[in-house]
Structures are given as C-alpha cells and as structure tokens.
Amino acid sequence: MTLTIAVTGLNRGENPQPGPGIIRSLQRRYPDLTIIGLIYDVLESGVYADDCADFIYHLPYPKAGHAALLARFDYLLTKHSIDIFFPTLDSEIRGLLRIENALADRGIKMLMPSKQSYEACCKSELAQLTERCGCQTPLTYSVVEVSGLRKAAHRLGYPLMVKGPFYGAYKVHSEADMVERYHQIIAEWGGPVLLQRCVYGSEYDVIAVGDGQGGVGGWCTIRKTILSEKGKGFGGITIHDDKLDAIAFDLIKTLKWRGPLELEFLKDDATNTYYLIEINPRFPAWVDFPSSIDLNLPALVVETLLHGVMDRLPPCEAGVFYVRHSVELTGRIDQLGQLSTSGELVCRGRGSRPPKEALAAAAVG
C-alpha cells in the first residue's frame, strides 16, 4: 500500500522542529512513502535535505484562519491524494481542531486530542490539571498587562521564568528584563504571558501516544543531558523511572489524550520532586531517536489511523543516548525563487532529485 503523508515543521536549525524526525521515522517503516512537506518559510532547512520531503508547498499562517487553510488543502488535493496529516507546531493545533472533521471529510486523517483535552493542557491550565492528578507544577501567574507583571514578580521573586502561550521561555533577573521579554512575547505570539517560579534541577521528557481513552500505546522517557543556550535538548539518555512514568500515565489518563504529546518535567535537586513544566500537543524534535531503537511512535500513529485500533508497544531500552548533529545543506537560488513565487517545489528526492554523482560532477565542472 502506497501512502501519502503531509508533515509540517521542517526546520532543523538552532530551534529544530519535529517534522524531519517524523519523516525519518516513517521512512524507516514505509520505504515507498510519499512525503508532502508543508512550510511557512522558504528557508526551513528540511526543504533542502535529501532525505526529507518529495514535494513542498507553502501553507498560510495560522492567523489567516481556517477558511484559508482549508482552501489550501483543497488545492493540494488537486495535486495529491493525502492520506494522513502530521501537524507538528503548537501554534497549528487549535485551528486544526476546528477543521478536523472537514479534513476527514476530504479523506485526510489526523490523530488529534479532543478540544477539552487540548484546553486542559495549555500552560495557563497546568495548575488545575496537576491538582486533579496529585502531581506538582511550579507556581505560575497568567498576565495580560504590565501592572500584573510587577504584582506577580513580587510574589514569585527573582529570578523567574517568562513564557509565551506557544513558544518562548526566558529566565529573567530583574524587572527591566521581565518587561522587555513581556513585550517581546506579546509582539511575537500575543498573550497571555506566564510568569513562573524557577525550579533548579535536571530536565526530563516523556514522549507518548495516547489512545483517547486514557491508555498509552507507546512511550519513551529520557533525561536531557545536553541543553542549548535556548534550553533545547541537544542530547538525552533513555531511562526507566517508575515514579516519573506513573505521573505521566496519570496525566494522560486524566486528559484522555488522543495522539502524540510530550511532557516536560524538572526534578528538584533539593527534594527529588518532579514538577510538570509543559505539555506539548505534538511530537518533539527528537522523535526519531526512539524510532532508531525500535520504538517507532510516528508509525504507531499511522497504523492506528489506518486500522482504527492502537497497538501497545513495549518500552524502549534504557541506557541509550542521542546527541544532535548539525550539517550544512545546499540549495539553488532557482529553488528558492520557485518556492517564493509559486509556493511549491518538486524536490530532488526519490525519482526527482538528480543523483549525487551528477551534483558532484556539476560542482567539479
């Protein structure tokens, strides 16, 4: 069976997105797969990777509204029969929940949480969620104006974390820094802005796929070992931790989560208490790491959508680590121009990209 799967979030740069990891995982299981890469920026680096998408198309930004997005998918369906869609960016999920049924009517399947589950995992709602589950999250205040910043900071003390509704997390040590980051987040992502008490300790992630009934089809737990300056995990090691896994399973059960998610935790050095920091309603960028050790969660999503039943995968091996490795990619100015003007590109991949020998000969010549 030949599948066509659409994936967003193709950037592999300093702030890597999940798309390339999902694509690589799917290619491990389905060698004849056709990948449609959906982008918002012509310089998303995965566009120019040999092992990424077969076709590239621009999408309208989420703020353009669901009508514009549906119109774009209607156009794409004149070019390809899209079986499954993996949205990978936090800012996409809310809008896609509104058109999930419309996409299903067009034959495009997604494994998505319910609106209620999604709303319950938003950053501003984590205190209520953790109270229901009996776990903990750092004290957090939701702020919509500058006067509220000062009141919240007085209660929390410095340093504290300033976070956006979708992206952005900054540690600040003064009121001036706090106000500057507040305005930056408002300009980039809108509000509310969250102020959160700092917790000091090691960072842990749990990646999982929920079945929508409170169960888990598969999961992988890691301790982050390398963090970038922006706090992104550039290295991690798989662990077995019954306490942490029990917290994660209880959260997923309470949410009745359906589809991929990532739970981020900090373990307080002083008390050994796990604090839930964020729940992300999609796979993380490191999703191909467990796929490389026989826990292919993107393939689990595909099989669930195709057959209507979610298998239960065994846990992955503990003590295996990953490190992120960066390489330079090359593209041609005509590719950039075509993407910029037409919003679409046939890539150099399977059957359409020139062989590497031809590229090497052209470079020598």
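According to this note's numbering, the residues represented by the sequence shown are 12 to 376, in order. Glycine residues also receive a C-beta, built at the ideal position from the N, C-alpha and C atoms.
Check                                                                                                                        : Outcome
Simplified DSSP assignment, three categories, for Gly180                                                                     : Sequence check: residue 180 is Ala here, not Gly. Looking at Ala180 - three-state DSSP - the assignment turns out to be strand.
Reference Phe294, options Leu356, Tyr152 and Leu100, closest by Cα                                                           : Leu100
Separation of Asp253 from Asp261, as counted between CA atoms                                                                : 12 Å
Backbone CA spacing between Val298 and Asn22 [nearest angstrom]                                                              : 14 Å
Any non-hydrogen atom of the ligand SAH closer than 7 Å to His194 Cβ                                                         : The ligand SAH is not among the ligands present in this structure, which contains no ligands whatsoever.
Where Tyr438 falls, given that 16 or more other Cβ within 10 Å makes a residue buried                                        : As shown, the chain starts at 12 and ends at 376. That puts residue 438 outside it, with no answer to give.
Extent of the continuous alpha helix (DSSP H) run through Ala75                                                              : Element bounds for Ala75: n/a, residue is neither H nor E.
Strand pairing of Pro5, partner residues [DSSP]                                                                              : Any property of residue 5 remains undetermined from this structure, which presents the chain solely from 12 to 376.
Same chain, Cβ closer than 7 Å to Leu277, neighbours up to 5 away in sequence not counted                                    : Val210, Gly212, Glu214, Tyr286 and Ile288
Cβ shell of Ala163 (< 7 Å), same chain only, five flanking positions each side left out                                      : Tyr152, Val154 and Leu206
Beta-carbon spacing of Ser351, Val157 below 8 Å                                                                              : no
Beta-carbon proximity list for Thr67, same chain, < 7 Å, skipping 5 on both sides                                            : Per the sequence shown, the amino acid found at residue 67 is Ile instead of Thr. Same-chain partners within the cutoff: Gly48, Ile50, Val58, Leu350, Glu355, Leu356 and Cys358.
Candidates Lys182, Pro29, Leu171 and Leu160: closest to Gly378 by CA position                                                : Lying before the first or after the last residue shown, residue 378 is absent from the chain, which here runs from 12 to 376.
Ranges of the beta strand (DSSP E) found wholly within the region 106–158, counting only runs of at least 3                  : 151–154
Classification of Asn291 by the beta-carbon crowding that lies within 10 angstroms, buried from 16 upward                    : buried
Beta-carbon spacing of Val217, Trp200 below 8 Å                                                                              : no
Sheet register partners of Ile50 (DSSP bridge)                                                                               : His69
With 16 other Cβ atoms within 10 Å as the buried cut-off, status of Ala60                                                    : buried
Length of the line joining the Cα atoms of Arg192 and Pro176                                                                 : 13 Å
Cβ separation of Ile250 and Ile233, assumed to be a contact under 8 Å, to the nearest whole Å                                : 7 Å
Cys231 - partner residues in DSSP beta bridges                                                                               : Ile218
CA-to-CA distance, Asp116 to Asp94, given in whole angstroms                                                                 : 12 Å
Among Pro149, Arg335 and Lys74, the one whose alpha carbon lies nearest that of Phe245                                       : Arg335
Distance, Cys63 Cα to Ala219 Cα                                                                                              : 23 Å
Whole-number beta carbon distance between Lys120 and Leu316, since they are thought to touch under 8 Å                       : 4 Å
Endpoints, the alpha helix (DSSP H) within which Glu314 is located                                                           : Leu308 to His318
Beta-carbon contacts of Pro301 that lie in its chain and below 6 Å, excluding the five residues immediately before and after : Cys231 and Cys327
Exposure of Ser36, with buried meaning 16 or more beta-carbon neighbours within 10 Å                                         : buried
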